[in-house]
Amino acid sequence: MSQSSALSLALSQEELRATTEQLLEAPAEVVLAWVEQRFGARAAIASSFGVEDMVLIDLARTHAPSVRLFTLDTGRLPPETYEVMDVVRRRYGVEIETYFPERARVEALESAKGYFSFKQSVEARKECCGIRKVEPLRRALAGREAWVTGLRREQSVTRTEVQAVSADADHGLIKVNPLVRWSSKDVWAYVKANGVPYNALHDRGYPSIGCAPCTRAVKPYEDERAGRWWWESPENRECGLHVRR
């Protein structure tokens, strides 16, 4: 899909350029307010309930209350993630739209290749991510005009080029990253100042949290996503939801 055809669903090329420039250094609150005004319920926050996503959920309560919230349940998440999901439901009173992988595809994968095929090669890992994450994301985004994520440039070498507002040509909609310029220090300062709940694994050395078998704690000198698929080289550590590798 070309960039121009993707934008036909939401913004014109001219509006995207103007918005990108306008929001280039805008605070996250302003970016979210723009999403609310421009898209409302036609936009959704994609959340894995890591600390950045918790900040977005908290900010959206005030600045983008109409924006929907969804998550991808891969079937292999740690219990701490489910626990914080329940906290979100109780505290913010929001519905969490939950998307699961297709049962038949998971059954076929595990029957043929076992439970840990993702460690055999990058291609095998991407196959698993494709079934458990990428395909459910396509269903989650169907019919929407924009999605909002907690991506930050500081997170890893694969995310240094991320923009606050951009065209997502793969899905044919607009992608918004309000926290793109935030540092980890900024994120945690907001959490502490506002009493935002967060995944208990963050206190155990897990700055980035995904599926349980594919996530470990990081060492002090490692980047924030070093604990994701740690057996692979850093430039490959993306599941396909955000950065194509």
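Here the sequence shown stands for residues 1 to 245, numbered as in the UniProt record's numbering. Idealized CB from N, CA, C, for every residue including glycine. Please read these numbers as outputs of a predicted model, since none were measured by experiment.
In summary, L24 is exposed, with fewer than 16 beta-carbon neighbours lying within 10 Å of its beta-carbon over all protein chains present. Counting only residues of its own chain and dropping the five nearest sequence neighbours on each side, D53 has a CB closer than 6 Å to the CB of S47 and G150.
Per DSSP, I57 is one residue of the alpha helix (DSSP H) stretching across V51 to H63. Across the set V67, A18, I57 and R76, the C-alpha of V67 shows the shortest separation from the C-alpha of V35. Short of 8 Å from the beta carbon of A124, and not among the five residues preceding or following it, lie these beta carbons of its own chain, in chain order: K113, S117 and F118. Boundaries cannot be given for S208, as no alpha helix (DSSP H) includes it and DSSP labels it neither H nor E. When rounded, the separation of the alpha-carbon atoms in R139 and K185 is 34 Å. By the neighbour-count definition (other C-beta atoms within 10 Å, threshold 16), R89 is an exposed residue.
Listed in chain order, the non-local C-beta contacts of L201 below 7 Å within the same chain comprise P78, E80 and I209, local neighbours out to five positions each way being set aside. Here the alpha carbons of G195 and G130 stand approximately 35 Å from one another. Here DSSP, grouped into helix, strand and coil, assigns K175 to strand. Note on geometry: alpha-carbon atoms of Y190 and F100 lie some 31 Å from one another.
Between the C-alpha atoms of E110 and D168 there is a straight-line separation of about 31 Å.
CA-CA distance, L59 to K126, rounds to 32 Å.
Under the three-state reduction of DSSP, V180 is assigned to coil, being neither helix nor strand. Between A43 and W147, the C-beta gap is smaller than 8 Å, which places the two residues in contact. Distances from the CA of V87 to each of P197, A104 and L72 were compared; the closest alpha carbon is that of P197. Residue range V165 to D168 is occupied by the beta strand (DSSP E) that includes A167. Taking the CA atoms as reference points, Q163 sits about 22 Å from A41.
Here DSSP, grouped into helix, strand and coil, assigns A217 to coil. Here the alpha carbon of A28 sits roughly 20 Å from the alpha carbon of L11. The DSSP assignment places 13-22 and 28-38 as complete runs of the alpha helix (DSSP H) inside the region 13-51, in order along the chain (cut-off: 4 residues).
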